[in-house]
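K.L.:
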Amino acid sequence: MDFPLLTIALLTPLVGALALAFVPKDEHKVIKSLSALFTGIPLLLTIYAYFTYDFAQGGMQFVEEVQWVKDLGITYIMAVDGISLPMLLLTNLIGFSAVFASWNIEKRPKTFFILLLILIAGVMGTFIAQDLFFFFLFYEVVVIPLYIMVIIWGSSKRVTKEYAGMKLTIYLLIGSALLLVGLLAMYLNAYPAGERTFLIESLQQANFSDEFQIFAFFLLLVGFGSLLSMFPFHSWSPDGYAGAPTAVSMIHAGVLKKIGGYGLIRIGILALPVGAKFWAPLIAVLAVANVAYAAMIALSQKDLKYVVGYSSVSHMGFVLIGLAAMNIIGINGAIAYMFAHGVMSALFFALIGHVYEKTHTRYIPDLGGLSHQMPRLAVGFMIAGMAALGLPGLISFVPEFTIFIGAFQEFPIMTVIAITGIIITALYTLRVLANVLFGPRRAELDKYRDLQGPEMVPLILLGAVIIVTGFFPALLMDMVNAGVEPLIGPLLDMLGDTPTIGGGF
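If you count the sequence shown from 1, position 339 lands on 338 in numbering that gives the first Met the number 0, and the numbers rise without skipping.
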């Protein structure tokens, strides 16, 4: 590669944010068009990287490395493999779609899109940085625009947008504080007699003691787990969804949570495998709590955003039990499911945002028969809803099935309980689809128009990914397996009969 593809992709939204600063605030069309351009370029670069990734070579590719602060062992190194490349693609798919989902925003659009571009760049950075210092830096960059966007452009009737923004930020900062302790502990203990480094690959090769791994992994589990909405650190998430503007809800559900799962794999499992194995039974128990508890709450919700919010918490339980399995097939499924869930949840929130923008309500009893007035929106809801059910032929079926195969090998009872969550998912999903889309035509809703023009972009782009990846799952699964198998395989041989906190269930 003759040019720094990842750095260009990372800097493009930041350059876009800077360019928007010089655009007059009344030039709404220019602002939105530039935002689409500066999110479209990283998307095209990522698609190019995805389809030119060399499976035969494997490992980290598109590597860009510059020594940053030698005395502290800080290196600017950007690279992707089969684990991070799907997450980078997911980020840019949703970032590009989020611009068009926000196309009709009229309140301070210049500031809104500047913050959105910074947010997208921050999320991208966490997935491509291969140095702990930069990983944590980009993670912190995400929090600031997130809070501002929620309290200014958010909306919620159950809680105030200020409450939602503050709660979201506090949980993320508490999680980041625990992460900081864990990451610094790894940095200081990796090579105490030698030259210290923040390089993630070097930390994965460090000879940490078993006791240290158990301690450090627990810190990472709570830190990353709170970001992943792991029970009982999940309550910030549905309120955050409900209070956030559409674009933030899409990024929050679509990719922000996935930083937690990605971090647990890249830093937790790969650098602290003994600690991961020790805490795996606890993760499995909490995963089942995620699936069942959040699904039951989603079943009782009447606000569309809260239904999808608790559904998202429930679905993250599948990711957690896949990670807890600590085998290749379970982790493959968990990573692929993060991608699948990100696409379908982002589509859900884009469509809910359109409904709220037109009708000024998300209250399910106030809606009904919308397929008469908004047939295109109804198609989008059906695609996202069927994907949430794990329908064969759509994006989530193969990852979900893969998770259950991997998890059943280690935690058969917990897995059977988790599978019952699919039944509850079907209940609340079909209830929402029936009550919002179908039924007799309601005359009071005739004045609201369907998706059109730029509003169609999220439906077309995300809907196409859901269908195409569903029919051709190898597009996703082969990439994920290329990243997981070479890294996880040797760890499994090394772990052997490593003790756990409670054994299998």
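C-beta atoms are modelled at their ideal positions from N, C-alpha and C, and glycine is treated no differently.
This one's a predicted model, so the numbers in the text were calculated from it and none came from an experiment.
Are the Cβ atoms of residue 290 and residue 316 separated by less than 9 Å?
P.N.:
Yes, the pair counts as a contact, with Cβ atoms nearer than the cut-off.
K.L.:
Would residue 283 and residue 410 be called neighbours here (beta carbons separated by less than 9 Å)?
P.N.:
For residue 283 and residue 410, yes; Cβs fall inside 9 Å.
K.L.:
In chain order, what residues of the same chain have a beta carbon less than 7 Å from the beta carbon of residue 84, not counting five sequence neighbours either side?
P.N.:
Closer than 7 Å at Cβ, skipping near neighbours: 48, 49, 52 and 478.
K.L.:
Using CA atoms only, rank isn't needed, just tell me which of 441, 351 and 388 is closest to residue 368.
P.N.:
Ranking 441, 351 and 388 by Cα distance to residue 368 puts 441 first.
K.L.:
How is the beta strand (DSSP E) around residue 78 delimited, first residue to last?
P.N.:
Note, residue 78: beta strand (DSSP E), 73 to 79.
K.L.:
Under 6 Å Cβ to Cβ from residue 209, same chain only, skipping five residues before and after it: list those, please.
P.N.:
These residues qualify, in order along the chain: 273.
K.L.:
Can you list the alpha helix (DSSP H) stretches of 4 or more residues lying completely in the segment 260 to 329, in chain order?
P.N.:
Complete alpha helix (DSSP H) runs here, min 4: 272 to 298 and 303 to 323.
K.L.:
Identify whether residue 467 lies in helix, strand or coil by the three-state DSSP scheme.
P.N.:
Reduced to three states, the DSSP call for residue 467 is helix.
K.L.:
Which term fits residue 256, buried or exposed, when burial requires 16 or more other beta carbons within 10 angstroms of its beta carbon?
P.N.:
The residue in question, residue 256, is buried, as its Cβ has 16 or more Cβ neighbours within 10 Å.
K.L.:
How is residue 130 classed by DSSP in three states: helix, strand or coil?
P.N.:
Strand, per DSSP.
K.L.:
Considering only the alpha carbon of each residue, which of 119, 213 and 448 lies closest to residue 278?
P.N.:
Minimum Cα distance to residue 278 is reached at 213.
K.L.:
Find the nearest neighbour of residue 203 within the set 186, 296, 194 and 218, judged by alpha-carbon distance.
P.N.:
Of the candidates 186, 296, 194 and 218, the one whose C-alpha sits nearest the C-alpha of residue 203 is 186.
K.L.:
Residues in its own chain within less than 6 Å of residue 303 by CB, not counting five upstream and five downstream?
P.N.:
351 and 361, listed in sequence order.
K.L.:
Scan the segment 361 to 400 and note each continuous beta strand (DSSP E) run of 3 residues or more that stays entirely inside, going in chain order.
P.N.:
Here no run is fully enclosed.
K.L.:
Mapping the DSSP letters down to three states, classify residue 11 as helix, strand or coil.
P.N.:
DSSP places residue 11 in helix when its eight states are reduced to three.
K.L.:
Taking DSSP as the reference, what is the three-state secondary structure of residue 60?
P.N.:
Correct three-state label for residue 60: strand.
K.L.:
Applying the 10 Å Cβ sphere with the 16-neighbour rule, what's the burial state of residue 342?
P.N.:
With 16 or more Cβ atoms within 10 Å of its Cβ, residue 342 is classed as buried.
K.L.:
Indicate whether residue 308 and residue 364 have their beta-carbon atoms separated by less than 9 Å.
P.N.:
No.
K.L.:
Would you give the residue range spanned by the alpha helix (DSSP H) that residue 27 belongs to?
P.N.:
Note, residue 27: alpha helix (DSSP H), 27 to 51.
K.L.:
Report yes if the CB atom of residue 392 is closer than 9 Å to the CB atom of residue 347, and no otherwise.
P.N.:
Going by C-beta atoms, residue 392 is not nearer than 9 Å to residue 347.
K.L.:
Leaving out the 5 sequence neighbours to the left and right, which residues in its chain are closer than 8 Å to residue 58 when beta-carbon positions are compared?
P.N.:
Same-chain partners within the cutoff: 80 and 485.
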